[in-house]
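J.: So that we are looking at the same thing, I have put the structure below in C-alpha cells.
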Amino acid sequence: MPELPEVETVRRGLAPALVGARILRAEQRRPDLRFPFPDNFAARLAGRRILGLRRRAKYLLADLDGGETLVMHLGMSGSFRVDGDIQGAFHHPRDKSAAHDHVVLHMENGGRVTYNDPRRFGFMLLVQSNGLDAHKLFQGLGVEPLDEALDASFLAHAFRGRAAPAKALLLDQRVIAGLGNIYVCEALHRCGISPLRAGGKLVTAAGRPGALLARLPQAIKEVLADALAAGGSSLRDHRQADGSLGYFQHSFRVYDREGAACPTPGCKGTVARAVQSGRSTFYCPQCQK
DNA sequence: ACACTATCCTGCAGGC
DNA sequence: TGCCTGCAGGATAGTG
0 MPELPEVETV RRGLAPALVG ARILRAEQRR PDLRFPFPDN FAARLAGRRI LGLRRRAKYL
60 LADLDGGETL VMHLGMSGSF RVDGDIQGAF HHPRDKSAAH DHVVLHMENG GRVTYNDPRR
120 FGFMLLVQSN GLDAHKLFQG LGVEPLDEAL DASFLAHAFR GRAAPAKALL LDQRVIAGLG
180 NIYVCEALHR CGISPLRAGG KLVTAAGRPG ALLARLPQAI KEVLADALAA GGSSLRDHRQ
240 ADGSLGYFQH SFRVYDREGA ACPTPGCKGT VARAVQSGRS TFYCPQCQK
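By numbering that gives the first Met the number 0, the letter at position 36 of the first sequence is numbered 35, and the numbering carries on one by one without gaps.
Structure (C-alpha cells):
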C-alpha cells in the first residue's frame, strides 16, 4: 500500500505500539523477502528497545537501542497489523493472508506487530544508525516532497534537458523520494501537466520553470496533504495498522477512473489511460497539456 | 548519461 | 465451474 501518505499513515499507526517499547522476541518465518533477511535477524531484534519510528521517502526507520536502525520497505503489498492479544494468537485457519505473515514482533508490553506481504517486494534490513545517510539505499534519494526544498526551481533544474516524460521523472526516487503511481497521476492532473509531456519542455530556454511547472510543487504538496488527512488510500482490502481503512481512494480525480468525466471545473474531457514504462497512467487529454 | 524493458511474487478480476 | 491473461500502490538490473 505504499506511497508516502500510506507509509506515513502506517508510521503513525505503529508508533503507539512500538515507540519506547521493547521487543521481547521476534519471529522470522522465511529466509527472505525481496532480499535475504540480515544474519541472525530475529536474535538481533530480541531485547532491543525501539527509540523512535521515522519515515524517509517510502522507508520506515525504527531506531533501536544498541545503535542499529531497522529499515523497512513495504514494496507493493506489505502491511502491518497490530494486535494487543496477550492470551495467544487467534489465527483463523482459513485466513489465507496468515500464510504471508512473514515477521512478528512480540513486544514486552503485550502488543504484537505482524508484517504481512503477499508479493514479498518489501524488505527489512539492519543498518548502523550513524551510517544511515551514507547507506546505498539513502545516498541517492531525492528530496522529500513535503519539504520546502521541493520548489519550482528545483524541478526546473531536475527537468531541464530531459526527454523523459514528466510522469517518469516524478516517479524517479532520485529526483523526488516518496511519490508513486497514484499521486504522480493526481498531482499532474491538479496542475494541468500531461504525464506524456517531455520534462525538458516544461522548462524555459533560460532554465526557468514554465508556467505549468511552476504549479507542480504546490499540486504535489496539496494532494499529499489531502491524502494524509484521509489516512492514505486503501486499494482492495488494504488496511492501516490499526485495522481501519484510509479513504483517499474516493477522492481520486483521475487514478483508476478511465472513461469518467474529467473533474476539472469547466472541462468536458474524459479520463484516459495510457501505459508509460509499463505502468498505467491516468490523465485528461483535454486539460492536461 | 539516458530511456526503456523485463523481472521479482502472489492474488484477483474479467473473458471465454 | 475453471482456465487463461493481464494487471496491481515498487524498484532494480540489464539493454540499446
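Ideal Cβ positions, reconstructed from N, Cα and C, are used throughout, including at glycine.
Can you say whether S193 is buried or exposed, counting buried as having 16 or more other CB atoms within 10 angstroms of its CB?
T.: Counting Cβ neighbours within 10 Å, S193 comes out buried, since at least 16 surround it.
J.: Counting only runs of 4+ residues fully inside the stretch 155-200, write out the alpha helix (DSSP H) ranges in chain order.
T.: With a minimum length of 4 residues, the continuous alpha helix (DSSP H) runs that stay inside the stretch 155-200 are 165-170 and 180-190.
J.: Whose C-beta lies closer than 6 Å to the C-beta of G139 among residues of the same chain, with five residues either side of it excluded?
T.: R173, listed in sequence order.
J.: Tell me which residue opens and which closes the beta strand (DSSP E) that V103 is part of.
T.: Where V103 is concerned, the enclosing beta strand (DSSP E) stretches over D100 to M106.
J.: Going along the chain, which residues of its own chain have a beta-carbon closer than 8 Å to the beta-carbon of F40, five neighbours each way excluded?
T.: Closer than 8 Å at Cβ, skipping near neighbours: A25, Q27, M123 and L125.
J.: Can you say whether G160 is buried or exposed, counting buried as having 16 or more other CB atoms within 10 angstroms of its CB?
T.: Exposed: under 16 other Cβ atoms inside 10 Å.
J.: Is the beta carbon of H105 sitting closer than 7 Å to the one on D116?
T.: Taking 7 Å as the Cβ cut-off, H105 and D116 do not qualify as a contacting pair.
J.: With distance defined between alpha-carbon atoms, name the residue in S128, R119 and P144 nearest to A61.
T.: The residue with the shortest Cα to Cα distance from A61 is S128.
J.: Locate the beta strand (DSSP E) running through T8, then write down its first and last residues.
T.: Where T8 is concerned, there is no enclosing beta strand (DSSP E), although the alpha helix (DSSP H) it sits in stretches over L3 to L17.
J.: Are the beta-carbon atoms belonging to V253 and C190 less than 7 Å from one another?
T.: Cβ atoms of V253 and C190: not closer than 7 Å.
J.: Can you say whether A224 is buried or exposed, counting buried as having 16 or more other CB atoms within 10 angstroms of its CB?
T.: Answer is exposed; the Cβ neighbour count stays below 16.
J.: Is it right to say T113 is buried, meaning 16 or more other beta carbons lie within 10 angstroms of its own, or is it exposed?
T.: Answer is buried; the Cβ neighbour count reaches 16.
J.: For V103 versus K57, is the C-beta distance shorter than 7 Å?
T.: No, they are not a contact pair.
J.: On the CB-based measure, 16 or more other CB atoms within 10 Å of its CB, does K166 come out buried or exposed?
T.: Counting Cβ neighbours within 10 Å, K166 comes out buried, since at least 16 surround it.
J.: Apart from the five residues just before and just after Y182, which ones in its own chain have a Cβ nearer than 6 Å to its Cβ?
T.: Excluding sequence neighbours, Y182 sits near E2 and V222.
J.: What number of angstroms, rounded off, separates the C-alpha of L215 from the C-alpha of R47?
T.: Distance between the alpha carbons of L215 and R47 is about 43 Å.
J.: I think E143 touches G177, with their Cβ atoms under 8 Å apart; what is that distance to the nearest whole Å?
T.: Rounded, the Cβ-Cβ distance is 6 Å, consistent with contact.
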